[in-house]
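The structure appears right after this line, and notes come after that.
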Amino acid sequence: MPTSSAAGRAASSAGRAVSLAVAVSVLLAAGCSGDGGGNDRDRAQDLASQELVWEACGPPSEEQGNGPAPSPLPGGAEWECSSMDVPLDYDDPGGDTVSLALIRARARDPDRRIGSLIFNFGGPGGSGVATLPGFAESFETLRARYDLVSFDPRGVGDSAGVECLDDEQLQAYFAEDATPDDAAEEQEFVDGIAAFSDACEKHSGKELPYVGTVNAARDMDLMRQVLGDDKLYYFGISYGTELGGVYAHLYPKNVGRAVFDAVVDPTKNMEQGALGQARGFQLALDNFAQDCVDRGEACLLPGATANEVVDWIIALLDRLEQDPISGIGLRRLNATQALNGIAQTLYSKEYWPLLEQGLDEADGGSGGLLLAFSDSLNGRNENGTYSNIQAANTAINCVDSSARYTLAQTKAKLPEFRAASRVFGDAMGWGLMSCSEWPVPGLAATPDVSAPGAPPILVIGTTGDPATPYEGMRAMADALGGGVGVELTYEGEGHGAYNTGDTCVMRAVDAYLLDGTVPEDGTTCG
813 MPTSSAAGRA ASSAGRAVSL AVAVSVLLAA GCSGDGGGND RDRAQDLASQ
863 ELVWEACGPP SEEQGNGPAP SPLPGGAEWE CSSMDVPLDY DDPGGDTVSL
913 ALIRARARDP DRRIGSLIFN FGGPGGSGVA TLPGFAESFE TLRARYDLVS
963 FDPRGVGDSA GVECLDDEQL QAYFAEDATP DDAAEEQEFV DGIAAFSDAC
1013 EKHSGKELPY VGTVNAARDM DLMRQVLGDD KLYYFGISYG TELGGVYAHL
1063 YPKNVGRAVF DAVVDPTKNM EQGALGQARG FQLALDNFAQ DCVDRGEACL
1113 LPGATANEVV DWIIALLDRL EQDPISGIGL RRLNATQALN GIAQTLYSKE
1163 YWPLLEQGLD EADGGSGGLL LAFSDSLNGR NENGTYSNIQ AANTAINCVD
1213 SSARYTLAQT KAKLPEFRAA SRVFGDAMGW GLMSCSEWPV PGLAATPDVS
1263 APGAPPILVI GTTGDPATPY EGMRAMADAL GGGVGVELTY EGEGHGAYNT
1313 GDTCVMRAVD AYLLDGTVPE DGTTCG
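And the structure:
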């Protein structure tokens, strides 16, 4: 299940479970070479002092998600793009390098500029270069004193993006049944995972061992140096909070001001995280259903109670399992794609009217709207090509997590997942197998985000968050350590709080990032 931000709306499919990262404390210049490491140290210093060449940004590539070139910022300023070299293997900084794609919007008030504010919008696998410009208005207040910067992490988009299946194969892969019902369907499901993993190894085998969260955190510290900042100023959303936590663990003394919004629970392993998401998405769907009931006859869906509305949705999915309906062009909508579409709309309350419309239209035999949301979840571009978000998501998760579930182990877990969510549980339980055939071993069960000595980090949780349940905020704050994690609760719906426009949340975040004013621990907004 996805961990992408509400900002990015980029996520893994409903049948692909989220795993958690692990941090390994290794210095930037660590590593050895045949000459005693001198050349490697020189190379590390060269990379830290590289000068970036910033140019006008073109349109996002297919790997980043396509679309037009970013529009000018408020006031007419233009976005700038560049690339930065990082070691492929930090244990061999004198070896091959990877080029990371970057984007920047300069601070409006250079005389009061604090530094660069680096964003990661989640996924993992979302392109920061393609995402940041779409939310320029939301972050315009912060641009007063910061250069707004984002990037495609290694393995993502234009940063040596992981390649697996081609577009035609991906279309078929995302249409496969994510909830097999018999031995034949189980074998087809397992074969599909194996084919995807084999394709990733074939096309990106060299990069696969190095695309994990630990290396992305090391890349951010190198980025901090290249951008000329003494400290890292950071805004992480969803998976970006996990990346930020790993960074804080590796480099606690280098943290400046950091915001973690829509927090991943760093104490949960793959199975526990997926169970939490199953409950979270079910809660969001139940809240949607209750809202529908509260609106009475204005709601298009049948049911006198929230449970009855959800029962009706389950019946619709059961029908689509047996008989897919018309979708977009010659493509049809089946139950797996409908479930993905439902999941995508639960990332923001703003999408609830479209979810209602899509379900009503599907009941009438027209699945175009739900299929469009499913396509968005899977990174399908309007021209039928796909971004690499799914490939990157799987690659990063499978490097981070040591969990490798067999078919028998997965089937044994299904009852617990079904109890957690009668709509999403089955698919998310089967998603435990997403790394079962991965060609690269994973690092550990959970990350280490302990950051003794780090300054206060603002940790924000939303009570109705489907993808990163609210409880993760407290777990992250506790794991960061005493005096580091400062908790802020947003009582609302959706994935991420700052971009909801809630004035209480925005004021707290802005005051912290712009002026260094740390809100009172335990503040509640909404």
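As numbered in this note's numbering, residues 813 to 1338 make up the sequence shown, in order. We put the CB at the ideal spot given by N, CA and C, even for glycine. Quick caveat: nothing in here was measured; it's all calculated off a predicted structure.
- Look at Asp959 here: in three-state DSSP terms it is strand.
- The three-state reading of DSSP puts Ser928 in strand, counting E and B together.
- Taking all protein chains in view, the Cβ of Asp1212 is crowded by 16 or more other Cβ atoms within 10 Å, so the residue is classified as buried.
- DSSP places Tyr1046 inside the beta strand (DSSP E), whose first and last residues are Leu1044 to Ile1049.
- The C-beta separation of Asn1146 from Glu1305 comes to about 28 Å, leaving the pair out of contact by the 8 Å criterion.
- In its chain, beyond the 5 residues on either side, Glu874, Asn878 and Asp979 have a beta carbon closer than 8 Å to the beta carbon of Thr1197.
- Ranked by Cα distance from Asp897, the first of Gly887, Thr909, Leu1095 and Asp904 is Thr909.
- A straight-line Cα-Cα distance of about 7 Å links Ser1246 and Ile1005.
- Counting the other Cβ atoms within 10 Å of the Cβ of Asp1077 gives 16 or more, which makes it buried.
- When DSSP states are grouped into helix, strand and coil, Asp1031 belongs to the helix group.
- Within its own chain, the residues whose Cβ lies closer than 7 Å to the Cβ of Tyr1217, once the five positions on either side in sequence are excluded, are Leu1244, Met1245 and Ser1248, listed in chain order.
- When DSSP states are grouped into helix, strand and coil, Ser911 belongs to the strand group.
- In this structure Thr1312 is buried. Its beta-carbon is surrounded by 16 or more other beta-carbon atoms within 10 angstroms.
- For Phe1001, the enclosing alpha helix (DSSP H) has its first and last residue at Ala995 to Ser1016.
- Just measuring C-alpha positions, the residue of Ile915, Leu954 and Leu944 sitting nearest Pro922 is Leu954.
- Annotated three-state conformation of Glu988 is coil, per DSSP.
- Comparing alpha carbon positions, the residue from Glu892, Lys1080, Leu1270 and Ala1155 closest to Gln1094 is Ala1155.
- In the DSSP assignment, Phe1072 falls within the unbroken beta strand (DSSP E) covering Val1067 to Asp1073.
- Annotation for Gly1153: the continuous alpha helix (DSSP H) segment containing it runs Ala1147 to Thr1157.
- Sequence-distant Cβ neighbours of Arg924 in its own chain, meaning closer than 8 Å and more than five residues away, are Ala956 and Arg957.
- Spanning the alpha carbons of Phe963 and Leu1300 requires a straight line of approximately 26 Å.
- DSSP places Pro899 inside the beta strand (DSSP E), whose first and last residues are Glu892 to Pro899.
- DSSP places Ala868 within a strand segment (E or B) once states are collapsed to three.
- Cβ contact annotation for Tyr1059 (same chain, cutoff 6 Å, sequence separation greater than five): Ala1029 and Met1032, in chain order.
- Shown here for Pro1267: same chain residues with a beta carbon closer than 8 Å to its own, the five before and five after excluded, namely Val1067, Gly1068, Arg1069 and Val1296 in chain order.
- Ala1323 carries a helical assignment under DSSP once its states are collapsed to helix, strand and coil.
- Residue state for Ser1246 is assigned as helix, using DSSP reduced to three classes.
- For Glu875, there is no enclosing beta strand (DSSP E), since its DSSP letter is neither H nor E.
- A Cβ-Cβ contact shorter than 9 Å links Leu914 with Val941.
- The Cβ atoms of Gly1048 and Asn932 sit closer than 9 Å to each other.
- Here Ala917 carries a strand assignment [DSSP, helix/strand/coil].
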